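Residue numbers (our numbering): 27 to 252.
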């Protein structure tokens, strides 16, 4: 898509596995040990009860049921934890193939002299659109008209005189207009190279070439890096 300069006056990311296995084994051993301890205590209680005032059998049943419930909850929590780890690990294995590719996401991008490829999105019913280029401080450095019939665009990174803009982080907003009135402003999805993927809690973070980090779920497209 060809972008046309417009004036400012326009409106408005083997040891771990071993540790995990050791932790799970330790948890199972602890649970088994706790149950054996409980049974020993219950046996001692029965052996030393007052023969003239024995403990009601229903009390033992309640104690057994309570411990069984706690035991089941612990096992359930362990299972859920293992399942979560397996799912996250699977995501990491899949996303490792993303490193070195270019991800499409609504995020700032690093400009280093090469054109930036965008996928602008327009509001329904818009009859005009403007690409607003902002620097790292948020200041507007350029405004360009967009062709509504095109689903892609490219920012050359040069001003009116053909001078290259300084290298740095830039953000691209798309302003949609209808009858000369601003109806919507969105961040334009931009392609950025993926440098790293890492786990943070229960999500996978991707670090882009400009240092920006975002959740893998925010990526809406992938392509091979040039």
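Even for Gly, the Cβ is constructed at its ideal location relative to N, Cα and C.
Keep in mind it's a predicted model, so treat the numbers as computed, not measured.
Identify whether residue i lies in helix, strand or coil by the three-state DSSP scheme.
| i | result |
| --- | --- |
| residue 66 | helix |
| residue 194 | strand |
| residue 235 | coil |
| residue 92 | helix |
| residue 242 | helix |
| residue 74 | coil |
| residue 149 | coil |
| residue 214 | coil |
| residue 154 | strand |
| residue 162 | coil |
Taking the CB atoms as reference points, tell me whether residue i and residue j lie closer together than 7 Å.
| i | j | result |
| --- | --- | --- |
| residue 221 | residue 231 | no |
| residue 233 | residue 128 | no |
| residue 22 | residue 182 | As displayed, the chain neither begins before 27 nor continues past 252, which places residue 22 out of reach and without an answer. |
| residue 138 | residue 223 | no |
| residue 165 | residue 195 | no |
| residue 235 | residue 219 | yes |
Measuring only the C-alpha atoms, how far is residue i from residue j?
| i | j | result |
| --- | --- | --- |
| residue 177 | residue 198 | 15 Å |
| residue 150 | residue 92 | 59 Å |
| residue 251 | residue 144 | 15 Å |
| residue 132 | residue 63 | 56 Å |
| residue 213 | residue 203 | 15 Å |
| residue 243 | residue 130 | 11 Å |
| residue 170 | residue 246 | 24 Å |
| residue 216 | residue 135 | 7 Å |
| residue 120 | residue 155 | 37 Å |
| residue 184 | residue 159 | 11 Å |
| residue 191 | residue 175 | 27 Å |
| residue 241 | residue 146 | 21 Å |
| residue 188 | residue 124 | 35 Å |
| residue 225 | residue 153 | 43 Å |
| residue 229 | residue 126 | 20 Å |
| residue 148 | residue 205 | 14 Å |
| residue 211 | residue 172 | 13 Å |
Sort out for me which residues DSSP pairs residue i with in a bridge.
| i | result |
| --- | --- |
| residue 247 | 130 |
| residue 124 | Paired residue(s): none; residue 124 is not in a bridge. |
| residue 208 | 203 |
| residue 167 | Looking at the DSSP assignment, residue 167 forms no beta bridge with any residue, so it has no partner. |
| residue 172 | Per DSSP, none; premise fails for residue 172. |
| residue 222 | 233 |
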